[in-house]
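If you're matching positions, the sequence shown starts at 12 in the working numbering and goes up one per residue. All C-beta atoms in this analysis are idealised placements derived from N, C-alpha and C, irrespective of residue type, glycine included. Remember, predicted model here, so these are calculated numbers, not experimental data. One structure is given here, and the rest of the page talks about it.
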Amino acid sequence: MKKKRVPIGKFLVARGLLSVEEERAVAEEQKNLDEDDYEAFGRIAVRKGFITAEAVKEAMKERSRLEKNA
Numbered sequence: 012m013k014k015k016r017v018p019i020g021k022f023l024v025a026r027g028l029l030s031v032e033e034e035r036a037v038a039e040e041q042k043n044l045d046e047d048d049y050e051a052f053g054r055i056a057v058r059k060g061f062i063t064a065e066a067v068k069e070a071m072k073e074r075s076r077l078e079k080n081a
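This is how it looks when you write it as structure tokens:
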């Protein structure tokens, strides 16, 4: 059975890279976008100045490594 992937926002909060409030703000903005205007969570967080693109990229790599070793 395949394990469910941890959403990147929750992963960033767990790693101390985003606050809960920042994660909620990004998730809310993402939820309110039209389907045609979809924007990835990490891109929104970077655009809002909450995190750097490099930090998102590294967190995604770490999440993938952890999932492979789980």
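Presumed contact (8 Å Cβ cut-off) between residue i and residue j, rounded CB distance
i, j, result
"residue 17", "residue 74", "6 Å"
"residue 29", "residue 20", "7 Å"
Extent of the continuous alpha helix (DSSP H) to which residue i belongs
i, result
"residue 61", "Premise fails: residue 61 is in no alpha helix (DSSP H) and is neither H nor E."
"residue 24", "19–25"
Beta carbon of residue i nearer than 9 Å to that of residue j
i, j, result
"residue 36", "residue 61", "yes"
"residue 23", "residue 64", "no"
"residue 41", "residue 32", "no"
"residue 81", "residue 15", "no"
"residue 53", "residue 68", "yes"
As assigned by DSSP and simplified to three states, the class of residue i
i, result
"residue 14", "coil"
"residue 81", "coil"
Any non-hydrogen atom of the ligand PLP within 8 Å of residue i CB
i, result
"residue 72", "For the ligand PLP, the structure offers nothing, since it holds no ligand at all."
Within the region 27–60, ranges of the alpha helix (DSSP H) (whole runs, at least 4 residues): List check, alpha helix (DSSP H) in window: 31–43 and 52–58.
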